[in-house]
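Visitor: Encoded as C-alpha cells, here's the structure I'll be asking about.
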Amino acid sequence: MRIDIITVLPELIKSPFEASILKRAIASNLVEVHFHNLRDYTNDNYKTVDDTQYGGGAGMVMLIEPIDKCISKLKSERDYSEVIYMTPDGETLNQGIANHLSLQKNLIILCGHYKGVDQRVRDMFITKEISIGDYVLSGGELGAAVLCDAVIRLIPGVLGDETSALTDSFQDNLLAPPIYTRPREYKGHKVPELLFSGNFPKIEKWREEQAYERTKTRRPDLLDD
Ligand code: ADE
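The opening position of the sequence shown corresponds to residue 0 in numbering that gives the first Met the number 0, with each subsequent residue numbered one higher.
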C-alpha cells in the first residue's frame, strides 16, 4: 500500500510514522508513506495556500490551485482508490472504514486547515470525507495520523501475531474482553481462576461472554447494528 499525505504542516504529522509499528511497517516495505507540503505547489513568493472567504466571514479558506496541482501530479503517476479529505463534517471513522481502506492499493489523504478547503476541492477531487470524532481539531493532520495508524496495522504482516488484529475491540462489533498477565495476584486482586484451567474451549467461551457483557454495558449501540 502507498499513502500520500497532503498538508501545510508536514512536521505535525511525521513523528507517528517514525516510531513503533508504523515505522516497522514502512521499514519492511509493507507500506509507503509520502508527505507533500502544499507550499511546494504554489507560484508566488509568499507561498500562499489560503485566502479570505468570498461573501465575508472569519477564517481563511485553503486555495484550490495548489491542491489541484498536487493531486493532479500524484494522479498522473499512479491510480488511487480513494482521495480522502479529513474534516469534522465527514463520515465518522470506525473499524469498518479502516478495514475497507486497508485493502486498497494507493490512497491520498488531504489535511484541511484554517476554515477548511474551497468547496470546489471537495466537489472535484475528493472521493471520501472522514472525521475522527465529533470535535474540531486545529487541522486534519492528527486525524490523518489516527486514520493511518488504524489502517496500517490491519495490513497483513504489520502486526507480529497475525491473529491479533482480528481479536481487537470492534472487529466483530464487540468490545474486547478483559485481559491479564503476571502476577497471578496483585494487592489482593486475583486473576479469574478459569484462565489457569487449561480448558481452552471454556476460556474462549468465557471471553466471548465477557466481550458481550462489556459491550452491553458500555456500548449498547454496537449491538443494535
Ligand atoms: N479536522 C478538524 N477536525 C477534524 C476531525 N474531527 N476529524 C478529522 N479531521 C478534522
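All C-beta atoms, glycine included, are put in the ideal place defined by N, C-alpha and C.
Could you tell me the boundaries of the beta strand (DSSP E) in which Glu17 lies?
Guide: Taking the first residue of the sequence shown as 1, we reach residue 17 at position 18. Glu17 -> no beta strand (DSSP E), and no H or E assigned at all.
Visitor: Of the residues Ile129, Gly156, Ile5 and Glu90, which one's Cα is nearest the Cα of Ile25?
Guide: Here residue 25 is taken as the residue at index 26 of the sequence shown, counted from 1. Nearest C-alpha to Ile25: Gly156.
Visitor: Please name the residue, chosen from Ile2, Asn198 and Ser163, that lies closest to Gln103 on a Cα-to-Cα basis.
Guide: Along the sequence shown, read from residue 1 onward, the residue named residue 103 stands at position 104. Nearest C-alpha to Gln103: Ile2.
Visitor: Are the CB atoms of Pro15 and Leu21 nearer to each other than 7 Å?
Guide: To locate residue 15, count along the sequence shown from 1; it is residue 16. To locate residue 21, count along the sequence shown from 1; it is residue 22. Taking 7 Å as the Cβ cut-off, Pro15 and Leu21 qualify as a contacting pair.
Visitor: What is the C-beta distance between Val116 and Ile66, in whole angstroms, given that I count them as a contact (C-beta under 8 Å)?
Guide: Reading the sequence shown from its first residue, position 117 is the one you call residue 116. Reading the sequence shown from its first residue, position 67 is the one you call residue 66. Contact holds; Cβ gap of about 7 Å.
Visitor: Along the chain, where does the beta strand (DSSP E) containing Asn105 start, and where does it finish?
Guide: Walking along the sequence shown from the start, residue 105 turns up at place 106. Here the beta strand (DSSP E) through Asn105 covers Asn105 to Cys110.
Visitor: What distance in whole Å lies between the Cβ atoms of Phe124 and Asp83, which are believed to be in contact at a cut-off of 8 Å?
Guide: Indexing the sequence shown from 1 puts residue 83 at position 84. Indexing the sequence shown from 1 puts residue 124 at position 125. For the sequence presented, residue 83 should be read as Ile rather than Asp. Actually they do not touch by this definition, with Cβ atoms about 10 Å apart.
Visitor: Mind checking Val150: buried by the 16 CB within 10 Å criterion, or exposed?
Guide: Residue numbering aside, residue 150 sits at position 151 when the sequence shown is read from its first letter. Answer is buried; the Cβ neighbour count reaches 16.
Visitor: Does any heavy atom of the ligand ADE sit closer than 6 Å to the C-beta of Pro87?
Guide: In the sequence shown, residue 87 corresponds to position 88, counting from 1. Checking the Cβ of Pro87 against the ligand ADE gives yes.
Visitor: What residue does the alpha helix (DSSP H) around Phe199 start on, and which one ends it?
Guide: In the sequence shown, residue 199 corresponds to position 200, counting from 1. Looking at the DSSP string, the run of the alpha helix (DSSP H) that includes Phe199 is Phe199 to Arg217.
Visitor: Would you give the residue range spanned by the alpha helix (DSSP H) that Glu10 belongs to?
Guide: Translated into the one-based positions of the sequence shown, residue 10 becomes position 11. It spans Pro9 to Ile12 - the alpha helix (DSSP H) in which Glu10 sits, taken as one unbroken run.
Visitor: Pick out whichever of Met85, Leu100 and Asn105 has its Cα sitting closest to the Cα of Glu76.
Guide: Numbered from its first residue, the sequence shown carries residue 76 at position 77. Minimum Cα distance to Glu76 is reached at Asn105.
Visitor: Return the CA-CA distance between Glu90 and Val120, expressed in angstroms with no decimal places.
Guide: Along the sequence shown, one-based indexing puts residue 90 at 91. Along the sequence shown, one-based indexing puts residue 120 at 121. Straight-line Cα distance between these residues: approximately 17 Å.
Visitor: Which one of Tyr45, Asn42, Ile63 and Pro177 has the shortest CA to CA distance from Gln52?
Guide: Here the question's residue 52 lines up with position 53 in the sequence shown. With distances taken between Cα atoms, Gln52 lies closest to Ile63.
Visitor: Label Ala18 either buried or exposed according to how many other C-beta atoms from any shown protein chain fall within 10 Å of its C-beta, with 16 as the threshold for buried.
Guide: Looking up residue 18 in the sequence shown gives position 19. Flag for Ala18 reads exposed.
Visitor: Could you compute how far the alpha carbon of Asp88 sits from the alpha carbon of Thr6?
Guide: Residue mapping note: residue 88 aligns to position 89 of the sequence shown, counting from 1. Residue mapping note: residue 6 aligns to position 7 of the sequence shown, counting from 1. Whole-angstrom Cα-Cα distance: 18 Å.
Visitor: Hey, quick one: how far does the alpha helix (DSSP H) through Met123 stretch, first residue to last?
Guide: As a first step, residue 123 must be located in the sequence shown, where it is residue number 124. Its alpha helix (DSSP H) spans residues Gln118 to Phe124.
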